[in-house]
Amino acid sequence: MEPIGKHDGTPGRTRRTGPWLRYGAAAAAVAATAVAGARAVDSDSRWYRSLRKPPWQPPPRTFGVVWPPLYAALAYATGHALGKTPHRGRLLTELAANLVLNAGWTRLFFARRSPGAALADVLLLDLSNARLIRRIGHIDKTAAGTLVPYAAWCAFATALNASIVDRNRSRRS
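In UniProt numbering, the protein residues as written are 1 to 173.
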């Protein structure tokens, strides 16, 4: 395992960060994102129920079942990669951008009731997912592979969001 952390003065050496700290920090950041997103969701609102949705949209309970393992994979992959890279700051920046976009989608779609703005956000999230997978893939291909279902689900969410925007063009969003 490559050491990570601040330089201790010796060229090419850094202090190690323990796995509990790496995984704990990644899990805390991902959990905060999940909580922020969940607080903005209101799939029972009159506005949301009135939207025309595609017939292939999963039932609302599906989202509550799917997201926890995807978030766990994101926390695992990031925590794992943090233990193997000397470029921790870059990886943390990629993760932070991804999490902001992830939580931002929910706020834009549900709290702001703007499927169009949410679509722009989720397209950026898809790009962020590709960057994060690529960055982690340079560090550890197995860890990067655990992010593929997360990216695939986000791509599915993009298609779903685009369909909702298209089906509700006559509505202001």
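Beta carbons are placed, not taken as given, at the ideal position from N, Cα and C, and that holds for glycine. These figures come from a predicted structure and were not determined experimentally.
Reference residue i; option with closest CA among the options
i: T78; options: I164, S163, N129 and W153; result: N129
i: L92; options: Y23, F109, R39 and R169; result: Y23
i: A118; options: V30, V41 and G89; result: V41
i: S170; options: A81, G116, V66 and F109; result: G116
i: L127; options: K141, T142, F110 and V148; result: V148
i: R61; options: C154, S43, A31 and A73; result: S43
i: S45; options: K141, A111, G18 and A152; result: A111
i: L108; options: H138, T33 and A120; result: A120
i: A73; options: G145, V100 and W20; result: G145
i: P68; options: N98, L99 and A31; result: A31
i: D166; options: L125, S114, D140 and A143; result: S114
i: L21; options: Y150, R39, H80 and G137; result: H80
i: H87; options: R39, H138 and N168; result: H138
Where the alpha helix (DSSP H) through residue i begins and ends
i: G104; result: R88 to T106
i: D166; result: V148 to R167
i: W20; result: P19 to A40
i: D126; result: P115 to I139
i: R49; result: R46 to S50
i: A81; result: P60 to L82
C-alpha distance - residue i paired with residue j, whole-angstrom precision
i: L132; j: L123; result: 14 Å
i: N102; j: K53; result: 21 Å
i: Q57; j: E94; result: 29 Å
i: T85; j: R135; result: 10 Å
i: I164; j: G37; result: 19 Å
i: P55; j: L82; result: 41 Å
i: A159; j: A152; result: 11 Å
i: G89; j: A96; result: 10 Å
i: A25; j: R49; result: 37 Å
i: L99; j: T33; result: 6 Å
i: G64; j: Y71; result: 11 Å
i: F156; j: P59; result: 14 Å
i: D140; j: A162; result: 33 Å
i: G18; j: N168; result: 50 Å
i: Y150; j: R39; result: 20 Å
Where residue i falls, given that 16 or more other Cβ within 10 Å makes a residue buried
i: V35; result: exposed
i: A29; result: buried
i: T106; result: buried
i: T142; result: exposed
i: G104; result: buried
i: G12; result: Unreliable positioning characterises G12 in this predicted model, as indicated by a pLDDT of 47, which lies under 50. A coordinate reading is not provided.
Chain-order list of residues whose beta-carbon lies under 6 Å from that of residue i (same chain, five-residue window excluded)
i: A27; result: A75
Residues near residue i in its chain [Cβ-Cβ closer than 7 Å; skip 5 each side]
i: V66; result: W153
Cutoff 8 Å; reference residue i; Cβ partners in own chain excluding five residues on either side
i: G9; result: Caution applies to G9, whose pLDDT of 47 falls short of 50 and renders its modelled position unreliable; the model cannot decide the point.
i: W47; result: R113
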